[in-house]
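Under UniProt numbering, think of the first position of the sequence shown as 1, with each following residue one higher. So the structure is just underneath, and the comments pick up after that.
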Amino acid sequence: MSQADSIHTLSLKGIHDGVHTGKFSVMEATDAYLDRIERFNPELNAYITVTRESAQAQAVDIDNRIRKGELTGAMAGVPYALKDLFCSEGVRTTCASNMLSNFISPYDAHVAEKLKAAGGVLLGKNNMDEFAMGSSNETSAFGNVRNPWDTTKVPGGSSGGGAATIAARLAPMTLGTDTGGSIRQPASFCNITGIKPTYGRISRYGMIAFASSLDQCGPMAPSAEDCAITLNVIAGLDSRDSTSVDLPVPDYTANLNDSIEGLRIGLPKEFFAEGLDVQVGAVIDRAIKQFQAKGAIIKEVTLPNSHLAVPVYYVVAPAECSSNLSRFDGVRFGHRCENPKDLLDLYERSRWEGFGDEVKRRIMIGTYALSAGYYDAYYLKAQQVRRLIKQDFEAAFKDVDVIMGPSCPTTAFGIGAKKDDPIAMYLEDLYTIPVSLAGLPGMTFPIGFATDGLPVGMQLVGNYFEEARMLNIAHQYQQWTDWHTQVPAQFA
């Protein structure tokens, strides 16, 4: 096997070290991934846009800068992908929607800017649920993504293209977004590691919004260490985002090797009740016993209002989506219908042609919830219950250091199995939504496979801005086990 044939098996650190010690060039690393994308993407549909020419041009420039000693950071020379809702200067940014199918962004999102400055190489833009609305990656205007572990199954959503990309090693790292579980649920379905940081930890500037009080960017990669390296680059204050938090950014890699002995782990009794698939529960129980064997202390906690999280989310998120998507009207940018009779016809037909069914459904729900006479009954009430959900977590964290449990009630389901049943689809995010509503950091890491041969991920929830502790816990687990290194046979 040549060096190029094995580059996709390396971690971010492995690629960085290989480039900086002269084992291979940035161009060789970039071409290795571009060749894999060309070979495997037709089967998986994980990328909407592949930026081959610009990636190769970037690779030449970064090779030169590394040789001159101008770039030495942990991301210098490392290829990566982006979910297709991060604006990238000169690159098509579609949100997987006909509304933006030809939109070329004139500027970079904050996180794209940071990765570019750090010497990363953009390989392309990942497929996703349209405007990040979905839990299966079946609402994309560019076709559904297939799960590399079983191509008859969904990869999860909305960051399903990113999860499939990492699972099949079509990039060593990608950035996704998580509104109600859109990093954590696909990470569980595809056997990868993904983290949603505390709301406000990473700037949302240049990230096309779905629900502004919930959306948060986060890395998806094979390991916790890879996610920590990425967070070091992208986390921190950005004055262009009013929700960006002005707090010091720790070195997320500094404490990865700390012992977890004495760690107090809370298990929410509500997450282990009816609704959790028996197969998934068995894998979760085994992983918890491994933590216990390493000296962690297991405690039961309660989140009594968590059963209200799904209905609260599906009032709050659609309301915010209704507001955010009002800008796509066929006038300023986005899809415009042909030969409108008048302004009303322009609005109606542009939106009807530009948006898919799920986006239309959520806009309608949100507009209704915000309308006169219903705002107090729905939106205001939902925000009040959201506060109760947040308080439940605050109470639990008085007794434990972290919370653990399932990311999803099941393993990956079949393509088309829930597409026509919105309620069943919404319940896929049963365990992830409460964390998002509270603004807490959450992550998923691989812990094994169910008896159906499909991956299972563990959800880890930390207190506010305690991403470093969560990454340490996941990293320690990944030192004892090799689940995170396993790749579907046909993509090895």
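Just so you know, even glycine gets a beta-carbon here, dropped at the ideal spot from N, CA and C.
The C-beta of Thr72 has fewer than 16 other C-beta atoms within 10 Å across all chains shown, which makes the residue exposed.
Contact between Ala187 and Gly194 holds, with the beta-carbon distance rounding to 4 Å and staying under 8 Å.
Distance from the Cα of Asp246 is smallest, within the candidate group Leu237, Tyr252, Thr253, for Leu237. Its chain contains Val91, Leu122, Leu123, Gly124 as the residues whose beta carbon lies nearer than 7 Å to that of Thr51, once the 5 sequence neighbours on both sides are disregarded; these appear in chain order. Judged by DSSP secondary structure, Asn126 falls within the beta strand (DSSP E) whose first and last residues are 121 to 126. Taking 4 residues as the minimum length, the alpha helix (DSSP H) runs contained wholly in the region 303 to 375 are 309 to 324, 343 to 354, 357 to 370, in order along the chain. At a Cβ-Cβ threshold of 8 Å, Ser203 and Ser140 do not count as neighbours. Restricting attention to beta strand (DSSP E) runs no shorter than 3 residues, the region 155 to 187 encloses them at 174 to 178, ordered along the chain. The count of Cβ pairs closer than 8 Å, one atom from the region 368 to 378 and one from the region 318 to 328, reaches three, so the stretches are in contact. In this structure, the CA atom of Gly354 is about 48 Å from the CA atom of Trp480. Under the Cβ criterion (8 Å, minimum of three pairs), the region 387 to 397 counts as touching the region 293 to 305. Of Gly69, Pro79, Cys190, the smallest CA-CA separation from Phe491 is found for Cys190. Three or more Cβ pairs closer than 8 Å define a contact, and the region 98 to 109 falls short of that threshold against the region 61 to 69.
Distance from the CA atom of Ile297 to the CA atom of Val233, rounded to whole angstroms, is 33 Å. Apart from sequence neighbours up to five positions away, the residues of its chain that approach Tyr379 with a beta-carbon distance below 8 Å are Val315, Val316, Ala319, Ala369, Leu370, ordered along the chain. By DSSP's assignment, Ile284 forms no beta bridge with any residue.
With contact defined as three or more Cβ pairs closer than 8 Å, the region 165 to 173 and the region 3 to 15 are in contact. Ranked by Cα distance from Ser54, the options Glu338, Ala74, Pro79 are led by Pro79. Considered as a whole, the region 8 to 76 harbours 47 to 50 as its complete beta strand (DSSP E) runs of no fewer than 3 residues, in chain order. Taking Ser436 as the centre and dropping the five residues before and after it, the same chain places the C-beta of Gly180, Leu214 closer than 6 Å to its C-beta, in chain order.
Distance from the CA atom of Asn472 to the CA atom of Ala254, rounded to whole angstroms, is 9 Å.
Nearest C-alpha to Arg201 among Phe465, Gln478, Val487: Phe465. The beta carbons of Asp399 and Gly206 sit no closer together than 8 Å.
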